[in-house]
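Numbering (UniProt numbering), first residue to last: 1 to 112. This report refers to the structure that appears directly beneath it.
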């Protein structure tokens with residue numbers, strides 16, 4: 001029910017096996033999850049899920065989106081390389097990232 005009312009989810013499959021997934025929360029303006037199985041990292045699956053999510057999100061709204069992740073992880077590096085801006089730490093010590101529609105478009109992404 002959450003996905004149909006407040007967001008959307010994506011699955012990545014290889015040979016009919018789920019190898020990654022992503023969930024975006026439109027109501028909370030945040031990425032709730034983006035995970036790729038370790039055996040399938042470095043194949044562009046995370047980037048494909050990430051880009052699909054953000055293209056869909058910014059077609060729905062122009063409100064900036066945020067996420068948080070553990071510092072000094074591959075995830076933190078991934079989001080920095082993808083153009084997200086670090087916006088401090090959450091109260092639990094995670095790095096908070098933000099991304100505006102304008103920043104997304106400036107990275108050569110087309111939003112309808």
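Backbone N, C-alpha and C define an ideal beta-carbon position, used for all residues, glycine too. Owing to the predicted nature of the structure, the values given are computational and were not obtained by experimental measurement.
Cα-Cα separation, residue i to residue j
| i | j | result |
| --- | --- | --- |
| residue 69 | residue 109 | 23 Å |
| residue 143 | residue 22 | Nothing in the structure corresponds to residue 143, since the chain is present only between 1 and 112. |
| residue 41 | residue 66 | 23 Å |
| residue 87 | residue 55 | 22 Å |
| residue 103 | residue 58 | 11 Å |
| residue 29 | residue 15 | 32 Å |
| residue 10 | residue 37 | 14 Å |
| residue 105 | residue 43 | 24 Å |
| residue 77 | residue 17 | 26 Å |
Same chain, Cβ closer than 6 Å to residue i, five either side skipped, listed in chain order
| i | result |
| --- | --- |
| residue 64 | 98 and 100 |
| residue 85 | 98 |
| residue 71 | 95 |
Chain D within 7 Å of residue i, Cβ atoms only
| i | result |
| --- | --- |
| residue 84 | In summary, chain D is missing from the structure at hand, where a single protein chain is found. |
Endpoints, the alpha helix (DSSP H) within which residue i is located
| i | result |
| --- | --- |
| residue 58 | 45-60 |
| residue 82 | First-last for residue 82: undefined, no H or E at that position. |
| residue 101 | 101-106 |
7 Å CB neighbourhood of residue i in its chain, flanking five on each side removed
| i | result |
| --- | --- |
| residue 34 | 22, 46, 49 and 50 |
| residue 13 | 19 |
| residue 82 | 50 |
| residue 90 | 68 and 96 |
Beta-bridge partners of residue i, as assigned by DSSP
| i | result |
| --- | --- |
| residue 113 | The question about residue 113 has no answer here: the residues shown for the chain are numbered 1 through 112. |
| residue 33 | 23 |
| residue 96 | 68 |
| residue 90 | None, per the DSSP bridge assignment. |
| residue 17 | 14 |
Beta-carbon separation (whole angstroms), residue i vs residue j, contact threshold 8 Å
| i | j | result |
| --- | --- | --- |
| residue 61 | residue 26 | 7 Å |
| residue 8 | residue 24 | 6 Å |
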